[in-house]
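Enquirer: Here you go, one structure.
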Amino acid sequence: MKKANSLVLGLCLLAAFSCTKDQDEASDLLTENVEVNLQDSDTFLTIEEINALINQSFYEKQSFSWSEVPANVLWSATVHGGKVLTIGYGEKGESFRTEKNDRLDATRLGLVDLVQSSEQVAKKDFRVKEDEVLNVLDLEVTKLETIRELIASDGVRYLEPNGYSYYDITTPQGAKPAPTQTRSAGCDTSGSTLNSADYRSIWPGALVPWTFDRHNIASAWGRSRGAGITIGIIDTGLSPNQPLLGNSFGDGASINGRTVEKYGTYIDSAWWWSNNLDGPNDRCGHGTSMAGVAAGPRNNDGLPSGVAYDANLVMYRGTSDVVLNDYHERKGVSNALRALADRSDVDIISMSIGYPWSIGNVRDAVRYAYSRGKLIFAAGGTSTSATNWYPVIFPASMPEAIAVTGVTDWSGGYRECDICHDGNEIEFTIVMERDSNDDRTTPVIGFNQGQRDYVGGSSVATATMAGVAAMVWSKYPNWSRQQVLNRLRQSSDLYGNTSSKYGYGNIDAYQAVQ
Numbered sequence: 001m002k003k004a005n006s007l008v009l010g011l012c013l014l015a016a017f018s019c020t021k022d023q024d025e026a027s028d029l030l031t032e033n034v035e036v037n038l039q040d041s042d043t044f045l046t047i048e049e050i051n052a053l054i055n056q057s058f059y060e061k062q063s064f065s066w067s068e069v070p071a072n073v074l075w076s077a078t079v080h081g082g083k084v085l086t087i088g089y090g091e092k093g094e095s096f097r098t099e100k101n102d103r104l105d106a107t108r109l110g111l112v113d114l115v116q117s118s119e120q121v122a123k124k125d126f127r128v129k130e131d132e133v134l135n136v137l138d139l140e141v142t143k144l145e146t147i148r149e150l151i152a153s154d155g156v157r158y159l160e161p162n163g164y165s166y167y168d169i170t171t172p173q174g175a176k177p178a179p180t181q182t183r184s185a186g187c188d189t190s191g192s193t194l195n196s197a198d199y200r201s202i203w204p205g206a207l208v209p210w211t212f213d214r215h216n217i218a219s220a221w222g223r224s225r226g227a228g229i230t231i232g233i234i235d236t237g238l239s240p241n242q243p244l245l246g247n248s249f250g251d252g253a254s255i256n257g258r259t260v261e262k263y264g265t266y267i268d269s270a271w272w273w274s275n276n277l278d279g280p281n282d283r284c285g286h287g288t289s290m291a292g293v294a295a296g297p298r299n300n301d302g303l304p305s306g307v308a309y310d311a312n313l314v315m316y317r318g319t320s321d322v323v324l325n326d327y328h329e330r331k332g333v334s335n336a337l338r339a340l341a342d343r344s345d346v347d348i349i350s351m352s353i354g355y356p357w358s359i360g361n362v363r364d365a366v367r368y369a370y371s372r373g374k375l376i377f378a379a380g381g382t383s384t385s386a387t388n389w390y391p392v393i394f395p396a397s398m399p400e401a402i403a404v405t406g407v408t409d410w411s412g413g414y415r416e417c418d419i420c421h422d423g424n425e426i427e428f429t430i431v432m433e434r435d436s437n438d439d440r441t442t443p444v445i446g447f448n449q450g451q452r453d454y455v456g457g458s459s460v461a462t463a464t465m466a467g468v469a470a471m472v473w474s475k476y477p478n479w480s481r482q483q484v485l486n487r488l489r490q491s492s493d494l495y496g497n498t499s500s501k502y503g504y505g506n507i508d509a510y511q512a513v514q
């Protein structure tokens, strides 16, 4: 456990995911000082004090982990976060189990008994959730002593206050209000009028987005269109008002009979122990856009086509928006990953969602899906133009995930989009923004029938890349995940000379399906 003397920490004003990188700029953003004791004590911290610790970690290391804070910080964040504590149990790296394991069962039961005894709660009133596959427990914890006993226990991989939201910041008196992230992050259900230079028409009446041509996607359609491959997307669901992602999924030149399925694992409730699923329907718009980009039909309605327009699609509504800042969003994404991992027909998982730092139960679920042979794409991160210096977000930062980001249509080489993150975890880039106009991004089918829209950021880059991967796997159905990934790398223009910011760079889809 990290130990240090009492420090005076500045509470940075947040914009999307981060404080600014430049020290001079950062000093301009500091509000009143917040004194926080970094030694383990009995002190219960306020939200402002906890966030100050988080901000300081980002300022110094560009990262944060609950494993590096003392017991009283974990306790305080747990109580502020609805009193829910997530315990990852087992030995180091033991994220999941695929068969009965007496040792893990004994560890699990011992931890449940420890918490119940320490909390002095009757069994009938004790709240606990146990995962069937992941070595994860969610329990109600209110006492500091419980946290300390857990830290001292064998078989604990991590402890996380999984209901704590970094963005629930109460502005200190006299400070400028912080531009906090809201639950509507990444959401938009209104359409847009497309600039005629941002698409071209193709038989039987579909539109080819200009960004597709930057990656030779339409040229690749003569060789592969994703048939026989199933893409799983975890996002905000599918709009019931968009038939092209429903009963018209086989519209136009797409295969009549390819399948689209939608499920919901997100629970919209103030109570962390609630089991009332909120359904598969998109109320945000983000998931609908991602599905349209990855696998929307090559339609005859004058609307943008998807990349792998013959692929099957399985959508999970695991979250209400793109930022996993709520217990139910984290649990919903974890459960969606487990469900997709267990489907033998799902080859690719695409996640244009994330969080500034690692979330234990989602991390365990990603590792489980990876162990089941899934090729996992994740968005490198999207924030404001003032804060897009922030490193690659979670889960794209994981080695099991393929991180993707967006770049502009710049003739001088590579330049990240105005709101996109880059970094050494990035593997691929997708052109998704006019260098001269950041409002002109990738055209997509809209939330409602007949609607067109634009969508940008690392989100659309990730969904595009998932579609290209489906085309490659469809062309070579007997290939392994690694063979598909190798072909994608070899077909990108920085292969052999990778960049520390952009990885293998822009994919050439036509070359990839040769």
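Residue numbers (the UniProt record's numbering): 1 to 514. For each residue, glycine too, the CB sits at the ideal point set by N, CA and C.
Across which residues does DSSP place R452 in a beta bridge pair?
Expert: DSSP output for R452 lists I445 as bridge partner(s).
Enquirer: Between A403, V513, V115, which lies nearest to T462 when the distance is taken from Cα to Cα?
Expert: When each option's Cα is compared against that of T462, the closest is A403.
Enquirer: What residues are listed by DSSP as bridge partners for A379?
Expert: According to DSSP, A379 bridges with V404.
Enquirer: Assuming L324 contacts V362 under a Cβ cut-off of 8 Å, what Cβ separation, rounded to an integer in Å, is found between them?
Expert: Confirmed, Cβ separation roughly 7 Å.
Enquirer: Let me know the secondary structure DSSP gives D347 once reduced to three states.
Expert: Reduced to three states, the DSSP call for D347 is strand.
Enquirer: Classify residue 515: buried if its beta carbon has 16 or more other beta carbons within 10 angstroms, exposed otherwise.
Expert: Coverage of the chain is limited to positions 1 through 514, which leaves residue 515 absent and any answer about it impossible.
Enquirer: Please classify K331 as buried or exposed, where buried requires at least 16 other C-beta atoms within 10 Å of its C-beta.
Expert: K331 comes out buried.
Enquirer: Residue ranges of each alpha helix (DSSP H) run of no fewer than 4 residues wholly in the segment 269-355, ordered along the chain?
Expert: Those alpha helix (DSSP H) runs which fall completely within the segment 269-355 and span 4+ residues are 286-295, 327-341.
Enquirer: At what residues does the alpha helix (DSSP H) containing I147 begin and finish?
Expert: It spans 144-151 - the alpha helix (DSSP H) in which I147 sits, taken as one unbroken run.
Enquirer: Just the C-alpha distance for G107 and P161, rounded to the nearest angstrom, thanks.
Expert: Here residue 107 is Thr; the residue named in the question, Gly, does not match the sequence. Answer to the nearest angstrom: the Cα atoms are 20 Å apart.
Enquirer: Looking at I349 and I393, is the spacing between their C-beta atoms short of 8 Å?
Expert: Not a contact, by the Cβ cut-off of 8 Å.
Enquirer: Run through DSSP, which three-state label would N437 get?
Expert: N437 falls in the strand class under three-state DSSP.
Enquirer: Within the continuous beta strand (DSSP E) that includes S117, where are the two ends?
Expert: Element bounds for S117: not the beta strand (DSSP E) but the alpha helix (DSSP H), 102-119.
Enquirer: With DSSP collapsed to three states, give me the class of V133.
Expert: In the structure shown, V133 sits in coil (DSSP, three-state: anything other than H, G, I, E or B).
Enquirer: Roughly how many whole angstroms lie between the Cα atoms of T46 and K83?
Expert: In a straight line, the C-alpha of T46 is about 14 Å away from that of K83.
Enquirer: Assign Y502 to buried or exposed, taking buried as 16 or more other Cβ atoms, counted over all protein chains shown, within 10 Å of its Cβ.
Expert: The residue is buried, with at least 16 neighbouring Cβ atoms inside 10 Å.
Enquirer: Between residue 515 and S192, is the Cβ-Cβ spacing less than 8 Å?
Expert: The question about residue 515 has no answer, for the chain in this structure spans 1 to 514.
Enquirer: What's the C-alpha gap between I255 and D310?
Expert: Rounded to whole angstroms, I255 to D310 spans 6 Å at the Cα level.
Enquirer: Quick one: Cα of E433 to Cα of S499, how far?
Expert: E433 and S499: Cα-Cα distance of roughly 20 Å.
Enquirer: Alpha carbon to alpha carbon, how far is E145 from M290? Give it in angstroms, no decimals.
Expert: Cα to Cα, the separation comes out at about 45 Å.
Enquirer: Just checking my contact of A295 with G285 at CB under 8 Å: how many whole Å lie between their CB atoms?
Expert: So it is not a contact: roughly 17 Å between Cβ atoms.
Enquirer: Which residues mark the beginning and the end of the beta strand (DSSP E) in which K262 is found?
Expert: Segment 260-264, the beta strand (DSSP E) holding K262.
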